[in-house]
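Novice:
In the working numbering, the protein residues as written are 1 to 214.
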């Protein structure tokens with residue numbers, strides 16, 4: 001096989017493994033489960049990853065790297081900083097996968113990271129990148145006069161991400177009857193308050209809309 005074909009096969013394996021982790025947890029990500037999902041033999045999967053631990057780590061690395069690329073791409077698409085903030089918050093709920101797939105994976109990996117240094121490093125790197133995008137965007141929004149927050153960008157980014165993670169766990173588990181849509185609405189209302197801007201303007205913001213007059 002060519003190197004490209006091998007890389008594509010590895011990508012297929014870890015993509016399916018990520019889905020398994022989202023639904024069955026890290027412990028449920030076995031060679032057998034991945035074989036059933038991909039149609040590849042267990043022997044083939046073992047040939048590429050040797051051990052289950054290597055498969056899990058490669059899957060976490062693949063998914064976290066892909067997430068960072070998705071976030072960076074989203075940042076580059078916005079026409080102004082306030083639009084980027086709106087899109088980043090929305091993407092935290094309605095991203096590249098269904099809510100259950102995306103957050104099922106992250107919650108399971110968060111839990112596993114507590115006991116696995118390798119997983120913890122990949123998760124930490126991804127979250128630092130995610131936070132960095134928010135800090136940069138918040139700083140731009142302040143410098144452009146689009147928001148008037150109560151906190152500096154570093155503190156506000158930490159606060160926003162804590163709210164995102166907390167709401168996601170509640171929504172994933174159906175606590176308080178939260179749905180992805182109510183999570184988006186709650187995030188937008190909270191963010192507008194912290195940004196010191198009109199809630200209605202931020203909640204109903206559309207890509208390409210004009211920023212509010214300070």
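Backbone N, C-alpha and C fix where the C-beta goes; we use that ideal spot for every residue, glycine too.
Everything numeric in this text was worked out from a predicted model, so none of it was measured.
Among 139, 174, 161 and 188, whose alpha-carbon lies nearest the alpha-carbon of residue 126?
Specialist: Numbered from its first residue, the chain shown carries residue 126 at position 126. Residue 126 has its Cα closest to that of 161, out of 139, 174, 161 and 188.
Novice: Tell me which residues share the same chain as residue 63 and place their Cβ nearer than 7 Å to its Cβ, disregarding the 5 neighbours each side in the sequence.
Specialist: Stepping through the chain shown from its first residue, residue 63 is reached at position 63. Closer than 7 Å at the Cβ level, and outside the excluded window around residue 63, lie 18 and 105.
Novice: Alpha carbon to alpha carbon, what distance is there between residue 54 and residue 10?
Specialist: By one-based count along the chain shown, residue 10 stands at place 10. By one-based count along the chain shown, residue 54 stands at place 54. C-alpha separation (whole angstroms): 12 Å.
Novice: By DSSP, does residue 93 sit in helix, in strand, or in coil?
Specialist: Along the chain shown, one-based indexing puts residue 93 at 93. Residue state, collapsed to three classes: coil.
Novice: Is residue 119 near residue 107, with beta carbons less than 8 Å apart?
Specialist: Locating residue 119 in the chain shown gives position 119, counting from the first residue. Locating residue 107 in the chain shown gives position 107, counting from the first residue. Cβ atoms of residue 119 and residue 107: not closer than 8 Å.
Novice: Count the other CB atoms, across all protein chains shown, that sit within 10 Å of the CB of residue 100; report buried if there are 16 or more and exposed otherwise.
Specialist: What you label residue 100 is simply residue 100 of the chain shown in a count that begins at 1. Exposed.
Novice: Among the residues of its own chain, which have a CB less than 7 Å from the CB of residue 90, if the five just before and after it don't count?
Specialist: One-based indexing of the chain shown puts residue 90 at position 90. The answer, listed in chain order, is 184.
Novice: Please state the DSSP three-state secondary structure of residue 210.
Specialist: In the chain shown, the residue the question calls residue 210 occupies position 210. Note on residue 210: pLDDT 43, under 50, position unreliable in the model; the coordinate value appears next. It is coil, neither helix nor strand.
Novice: Classify residue 6: buried if its beta carbon has 16 or more other beta carbons within 10 angstroms, exposed otherwise.
Specialist: Here residue 6 refers to the residue found at position 6 of the chain shown. Residue 6 comes out exposed.
Novice: Give a yes or no on contact between the segment 133–144 and the segment 68–82, applying the rule of three or more CB pairs nearer than 8 Å.
Specialist: Counting Cβ pairs under 8 Å, three or more are found: they touch.
Novice: Helix, strand or coil for residue 151? Go by DSSP, reduced to three states.
Specialist: The residue given as residue 151 occupies position 151 in the chain shown. Of the three classes helix, strand and coil, the one that applies to residue 151 here is coil, per DSSP.
Novice: Are there 16 or more other CB atoms within 10 angstroms of the CB of residue 75, so buried, or fewer, so exposed?
Specialist: Here residue 75 is taken as the residue at index 75 of the chain shown, counted from 1. Classification of residue 75: buried, given that the 10 Å Cβ count is 16 or more.
Novice: For residue 164, which residues of its own chain have a beta-carbon under 6 Å away from its beta-carbon, when the five flanking residues on both sides are left out?
Specialist: For this step, residue 164 is matched to residue 164 along the chain shown. Only 92 meet the Cβ criterion.
Novice: How should residue 47 be labelled, buried or exposed, when 16 other C-beta atoms within 10 angstroms of its C-beta is the threshold for buried?
Specialist: Looking up residue 47 in the chain shown gives position 47. It is exposed - the Cβ of residue 47 has fewer than 16 other Cβ atoms within 10 Å.
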